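Trainee: The structure that follows is given in the form of structure tokens.
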Amino acid sequence: MKISRRNFLKGSATTLFLAGFNFPILANASKKKNLVVIMLRGGMDGLCAVPIISDKNFEKRRKDLILDETIKLNSDFALHPKLKNFHNLWQNNLGAIVHATNIPYTKRSHFDGQNLMETGGHIPYSIKTGWLGRGMKLAGLKGDGLALSLPMPLLLRGIPSNDNFYPSKKRLPRTELLKLLKSIYAEKSEHNLANMMEIIANRSMMNNGGTSMSRKNSSLALKAGLELKKINGPRVAVFEVDGFDTHAAQGGVNGSHSDSLIEMDTIFKSLEKGLGNEIENTLVLTLTEFGRTIEQNGGRGTEHGYGSAIFMAGGLLKKSQVYSDWPGLKRKELFEGRDLNSTIDSRSVYASAMSTVFDIDFKRIQKEVFWGDELQNLSDKLFKA
Amino acid sequence: MKNFYRKVAFGLGPDDKTPSDPLKWATNQLNDIPEFSWKGKILPEKELRKYYRDYVYGDRKVLRKKFKNDKEGYKREKNKLRHVTGQKFWWNLELCIRHSEALKSETPVLAKLWYFWGNHFAISEKDFLAQYTTGAYQREIIRSNMNQNFEKMVQEATVAWTMIHHLDNNDNVGPKSQEARWAKEKGRKVGINENHARELLELHTVSPDCGYSQEDVVQMAYVMSGWRPNWGKKRLETGDVHFNSEYHQPGTKRILGKKYKSGRKSLSAVITDLVNHPSCREYIAMKLCRYFITDNPTKEMMEPIIKAWEKSDGFLPDVHKAAVEVAFNYSDKFKKFQNPENWLLIMSKMSDVELIPTPKLMDLYTLGLKPTHEQRSLEYLLRELGHHPYLAKQPNGWSDNSDDWMSPELLIRRLVYAKEAYFKKNRKSQTNEFYEEMIEKNYNNPNEILKTLNQHGDLSNKHVILFNLPETLKS
């Protein structure tokens, strides 16, 4: 089967045209909308997660890694068979994919790449804040971020007072002790500390005196969903999934890449459960540093590549669709003759998502979060206003 | 003034006498680099790098091929290889050595400055550096040079294997070098990697305040091209760092307006000029003040440190003494939020917590085995506190700004690990009298603190409150 460049190529001209008019996006500004970002560390293989159907180049180069029994999404693309929860979302118009996309980083270092996927910049380590933090600052969302990890991720830096949740294995002190400390902080005008202690004391009551909870992403996501659901709760949450760097034994359906994809899939499920109806007002996006080579290596794994895919979920999506300006997999169509190309700067998707969820004009985000870089406004195409 | 002991060190322990001249007590610790107080085994960096080699070679060249169809087998054998090469042990041993300097040595002020420099020339989380060589690098390259000129520290840190690997200088190839020509013939494209060059300017020496341009960074990368590990089929990237002229960009380079000839000697010449640039001493003076005194240092605070630098040509003991004196002069006015590791050490020192496993226990470790829970306790604890000194997220190291350490989970850790530490204390120190004496010795307002604590009967709760009071969190 032959797949041609579609959807985006036709659509982008219109989008760019409309963007020129600079429509303010103000509809539904009163509703609380949530943005969740799941960072997939190690280089998520877009071609393993969302393989192309019946492409001879692909099948030839990945003989041992081709998946059996994939879930067909449309005539061109399939879904990894273990992504059952995502597939459920897809069937309810709550799941979509952007394919052949990446941040504009073409070298192959995890560390530089992960730094850039979080800062949104071009030179590794030159920017000390995250694109999400800067976007939140622009939207005035101080105190509205929730990280499901211990150190505050770089992605959220740029706005103070974010909360985080990554339960300690130890029991919290009794609530009276926490309240005493809070009153001491307040008395000594240590307002930051007092605020934090207030959060901790409330948390302690919720957890039945602070018994330890699981740190698994599935239970963190349930908790995050419940928090995001609250009208006064956070509006932004950030997750991390490790282990996508599968240089060996990447395998097929039960390989090591699948393990990490399944972990991502459980986040979708738990978030949906925690959010309940509020999934309608939520947008979930994935983020990775790069994709992986098309060719399998000697260890039946894959090496660091370029183009990957973004999973999107939630009721703020327009519809279930694979959006792609598909570059093709013939050798001359590959990036440096080896990787799936990126035809969409993934920052366009993230900027558009922030524009939609934070109700900020795309151009302001483009200018103040991404330094006026050339990005496409995809808000109308991908998301509900 | 008593917070000075916590500000520049870790407070006074039960066996420490209150110094009659606190400033002298502190500055006297800064002249020499004594032997490590750790009585157990200490391995040279070169030896630890061999374990690194055995791990990466074994994984990349052997296991990945052998177990290409067997995910479980691969995981199992890789785990074995981890233990055979001590991957979960060495960094714990390094932390024992590191923390002994704070808790058991005669020079805790030097230790606190050692942590400062280790973080200034940070090795952030990359590959397996933390597990094998970062600790040794901090001993051999950073601490050994703390009685030298700053320049010597920069010269050595810049070409240290751990730093070169950390900042990708092995990928930095002159676009007009011999290697680039060979690569082109084979259809490969190679070029510069600016990482290390930029950090040398931005983080290690002059900082962006000096106003260098992107072109300066590129020129710096040209100067640095060729400094790389001596690559070998079996040792892979773990060979000693040397200057390989085949990778070096030919021609004259120009950095901050000055010209440098091509070749091996140019890097050292540039470093000499960088460390003598006024921005360099201003930047280091600012960072020292930020570490000891406040998030927002003033010009007046920085001035005496800059003067000492100018007078001594960047001789570190003099710079350190000036910094400690400034910290002393401002100790009543400014309290600095202590990062989690320093907080842990302050608590352990003052309240006599047996934090560090004994040398005997650590030396019992046998390669190939998984280290015991106790042997792994420090690494686990620091990670739980959110501040593992070998796992900074970025080359700019862990933050010295209070805001970055304010999060509910990070404060929860201080609560729960204060509690746990109490039960690691010996019985002798679990008495009200012990706490009264310790508080008297270490705090400016002992009566007020005791009054607060006495609202709570249980001593372990008193301990948790004490070490989470603003007076302790900020010193």
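Just so you know, the protein sequences line up as chains A and B, in that order. Here the numbering used here is used: the first residue of the first sequence is 15, the next is one more, and so on. Here the numbering used here is used: the first residue of the second sequence is -12, the next is one more, and so on. Ideal Cβ placement from N, Cα and C applies to all residues, glycine included. Values in this document were obtained by computation on a predicted structure and should not be read as measured data.
1. Taking only beta-carbon atoms, is Phe37 (chain A) less than 8 angstroms away from chain B?
2. With C-beta atoms as the reference, is Trp101 (chain B) less than 8 angstroms away from Leu35 (chain B)?
3. In this structure, does DSSP put Asn337 (chain B) in helix, strand or coil?
4. State yes or no: is the beta carbon of Pro327 (chain B) nearer than 8 angstroms to at least one beta carbon in chain A?
5. Hey, is Asp350 (chain B)'s beta-carbon within less than 8 angstroms of any beta-carbon in chain A?
6. Helix, strand or coil, according to DSSP, for Ser334 (chain A) in the structure here?
7. Just how far apart, CA to CA, sit Glu190 (chain A) and His443 (chain B)?
8. Evaluate Phe397 (chain A) with the Cβ neighbour count: other Cβ atoms within 10 Å of its Cβ, from every protein chain shown; 16 or more gives buried, anything less gives exposed.
9. CB-CB under 6 angstroms to Asp387 (chain B), same chain, minus the five flanking residues each way: which ones, in chain order?
10. Restricting to runs no shorter than 3 residues, where is the beta strand (DSSP E) found entirely within the segment 140 to 189 of chain A?
11. Pick helix, strand or coil for Val193 (chain B), following the three-state DSSP scheme.
12. I need the DSSP call for Phe115 (chain B), collapsed to helix, strand or coil.
13. Once you ignore the five residues that flank His360 (chain B) on each side, which residues in its own chain have a CB closer than 7 angstroms to its CB?
14. For the beta strand (DSSP E) that contains Gly109 (chain A), what are its first and last residues?
15. Looking at the structure shown, is Arg378 (chain A) part of a helix, part of a strand, or coil, going by DSSP?
16. Quick one: give me the first and last residue of the alpha helix (DSSP H) that Ile292 (chain B) is part of.
17. Between the C-alpha atoms of Ser338 (chain A) and Gly198 (chain B), what's the straight-line distance to the nearest angstrom?
18. Under the assumption that Phe137 (chain B) contacts Val262 (chain B) (Cβ atoms under 8 angstroms), give the Cβ distance between them as a whole number of angstroms.
19. Can you tell me whether Phe137 (chain B) is helix, strand or coil according to DSSP?
20. When you compare only the Cα positions, how much space is there between Gly146 (chain B) and Trp214 (chain B)?
21. Of all the residues that make up the segment 196 to 214 of chain A, which are near chain B by a beta-carbon distance shorter than 8 angstroms?
22. Using alpha carbons as the reference points, say which of A:Arg378, A:Thr316, A:Ala63, A:Thr133 lies closest to Asp82 (chain A).
23. Report yes if the C-beta of Gln264 (chain A) is less than 7 angstroms from at least one heavy atom of the ligand COA; otherwise report no.
24. Could you check how far apart the C-beta atoms of Asn217 (chain B) and His183 (chain B) are, in whole angstroms? I think they sit under 8 angstroms.
25. So which residues of chain A does Thr439 (chain B) contact, with C-beta pairs closer than 9 angstroms?
26. Does the Cβ-Cβ distance between Leu169 (chain A) and Met58 (chain A) come in under 8 angstroms?
27. Check the Cβ-Cβ distances between Lys184 (chain A) and every residue of chain B, and say whether any is below 8 angstroms.
28. Rounded to the nearest angstrom, what separates Gln325 (chain B) and Leu195 (chain A) at their Cα positions?
29. Residues of chain B with CB closer than 8 angstroms to the CB of Asp177 (chain A), please, in chain order.
30. Per the DSSP calculation, Pro216 (chain B) is bridged to which residue(s)?
31. What does a CB cutoff of less than 8 angstroms around His191 (chain B) pick up in its chain, not counting 5 residues either side in sequence?
32. Note down, in chain order, each residue of its chain lying with its Cβ closer than 7 angstroms to the Cβ of Glu427 (chain B), except the 5 sequence neighbours on either side.
33. At a Cβ threshold of 8 angstroms, is Gly373 (chain B) touching chain A?
34. Could you pull the start and end residues of the alpha helix (DSSP H) that Ile399 (chain B) belongs to?
35. What three-state label does DSSP hand Asn419 (chain B) in the structure shown?
36. Does the Cβ-Cβ distance between Asn15 (chain B) and Asn431 (chain B) come in under 8 angstroms?
Mentor: Concretely, from the data shown:
1. Reading the first sequence from its first residue, position 23 is the one you call residue 37 (chain A). Residue placement at Phe37 (chain A) is flagged as unreliable, the pLDDT there being 44, under the threshold of 50; the coordinate-derived value follows with that caveat. Chain B contact via Cβ: absent.
2. As a working note, residue 101 (chain B) is residue 114 in the second sequence. As a working note, residue 35 (chain B) is residue 48 in the second sequence. Not closer than 8 angstroms, so no.
3. As a working mapping, residue 337 (chain B) is identified with position 350 in the second sequence. With the sequence shown as reference, residue 337 (chain B) is identified as Met, and Asn is not the correct amino acid for it. Here Met337 (chain B) sits in helix by DSSP.
4. Here the question's residue 327 (chain B) lines up with position 340 in the second sequence. So no, Pro327 (chain B) is outside the interface.
5. Translated into positions along the second sequence, residue 350 (chain B) becomes position 363. So no, Asp350 (chain B) is outside the interface.
6. For the purposes of this step, residue 334 (chain A) is identified with residue 320 of the first sequence, where counting begins at 1. Residue state, collapsed to three classes: coil.
7. As a working note, residue 190 (chain A) is residue 176 in the first sequence. As a working note, residue 443 (chain B) is residue 456 in the second sequence. Those two C-alpha atoms are separated by around 10 angstroms.
8. By 1-based counting over the first sequence, the position of residue 397 (chain A) is 383. Counting Cβ neighbours within 10 Å, Phe397 (chain A) comes out buried, since at least 16 surround it.
9. As a first step, residue 387 (chain B) is located in the second sequence; it is residue number 400 there, counting from the start. For Asp387 (chain B), where only same-chain residues beyond five positions count, the Cβ hits under 6 angstroms are Arg277, Tyr278.
10. 159 to 161
11. Within the second sequence, numbered from 1, the residue matching residue 193 (chain B) stands at position 206. Val193 (chain B): coil per DSSP, three-state reduction.
12. On the second sequence, position 128 is the one that residue 115 (chain B) refers to. Reduced to three states, the DSSP call for Phe115 (chain B) is coil.
13. The count along the second sequence starts at 1 and reaches residue 360 (chain B) at position 373. Closer than 7 angstroms at the Cβ level, and outside the excluded window around His360 (chain B), lies no residue.
14. Taking the first residue of the first sequence as 1, we reach residue 109 (chain A) at position 95. Element bounds for Gly109 (chain A): 109 to 116.
15. Walking along the first sequence from the start, residue 378 (chain A) turns up at place 364. It is helical.
16. For this step, residue 292 (chain B) is matched to residue 305 along the second sequence. Unbroken alpha helix (DSSP H) run through Ile292 (chain B): 286 to 299.
17. Counting from 1 along the first sequence, the entry for residue 338 (chain A) is found at position 324. Counting from 1 along the second sequence, the entry for residue 198 (chain B) is found at position 211. The alpha-carbon atoms of Ser338 (chain A) and Gly198 (chain B) are separated by roughly 42 angstroms.
18. The residue you call residue 137 (chain B) lines up with position 150 of the second sequence. The residue you call residue 262 (chain B) lines up with position 275 of the second sequence. About 6 angstroms; that satisfies the 8 angstroms criterion.
19. In the second sequence, residue 137 (chain B) corresponds to position 150, counting from 1. It is helical.
20. As a position in the second sequence, residue 146 (chain B) is number 159, starting the count at 1. As a position in the second sequence, residue 214 (chain B) is number 227, starting the count at 1. Contrary to the premise, residue 146 (chain B) reads as Val rather than Gly in this sequence. Each residue's Cα considered, the two are about 7 angstroms apart.
21. Ile198, Tyr199, Lys202, Glu204, Asn206, Leu207, Met210, Met211, Ile213, Ile214
22. Within the first sequence, residue 82 (chain A) is the residue found at index 68, counting from 1. The option with the nearest alpha carbon to Asp82 (chain A) is A:Ala63.
23. Among the ligands in the structure shown, none appear at all, so the ligand COA cannot be discussed.
24. Here residue 217 (chain B) refers to the residue found at position 230 of the second sequence. Here residue 183 (chain B) refers to the residue found at position 196 of the second sequence. Actually they do not touch by this definition, with Cβ atoms about 17 angstroms apart.
25. Against the second sequence, residue 439 (chain B) aligns to sequence position 452. The answer, in chain order, is Leu194, Ile198.
26. Locating residue 169 (chain A) in the first sequence gives position 155, counting from the first residue. Locating residue 58 (chain A) in the first sequence gives position 44, counting from the first residue. No, the Cβ-Cβ distance between Leu169 (chain A) and Met58 (chain A) is not below 8 angstroms.
27. Within the first sequence, residue 184 (chain A) is the residue found at index 170, counting from 1. With 8 angstroms as the cut-off, Lys184 (chain A) counts as an interface residue toward chain B.
28. Within the second sequence, numbered from 1, the residue matching residue 325 (chain B) stands at position 338. Within the first sequence, numbered from 1, the residue matching residue 195 (chain A) stands at position 181. Rounded to whole angstroms, Gln325 (chain B) to Leu195 (chain A) spans 18 angstroms at the Cα level.
29. Start at 1 with the first residue of the first sequence, and residue 177 (chain A) comes out as number 163. Ordered by position in chain B, the residues that pass the 8 angstroms Cβ test against Asp177 (chain A) are Ser394, Pro395.
30. In the second sequence, the residue the question calls residue 216 (chain B) occupies position 229. For Pro216 (chain B), which the question treats as bridged, DSSP gives the partners B:Val228.
31. Reading the second sequence from its first residue, position 204 is the one you call residue 191 (chain B). Contacts found: His107, Phe108, Val141, Ala144, Thr145.
32. Counted from its first residue, the second sequence places residue 427 (chain B) at position 440. Within the same chain, Glu427 (chain B) has close Cβ partners Pro433.
33. Looking up residue 373 (chain B) in the second sequence gives position 386. With 8 angstroms as the cut-off, Gly373 (chain B) counts as an interface residue toward chain A.
34. The count along the second sequence starts at 1 and reaches residue 399 (chain B) at position 412. Residues 395 to 409.
35. Taking the first residue of the second sequence as position 1, residue 419 (chain B) is located at position 432. DSSP places Asn419 (chain B) in helix when its eight states are reduced to three.
36. For the purposes of this step, residue 15 (chain B) is taken as residue 28 along the second sequence, with counting starting at 1. For the purposes of this step, residue 431 (chain B) is taken as residue 444 along the second sequence, with counting starting at 1. No. Outside cutoff.
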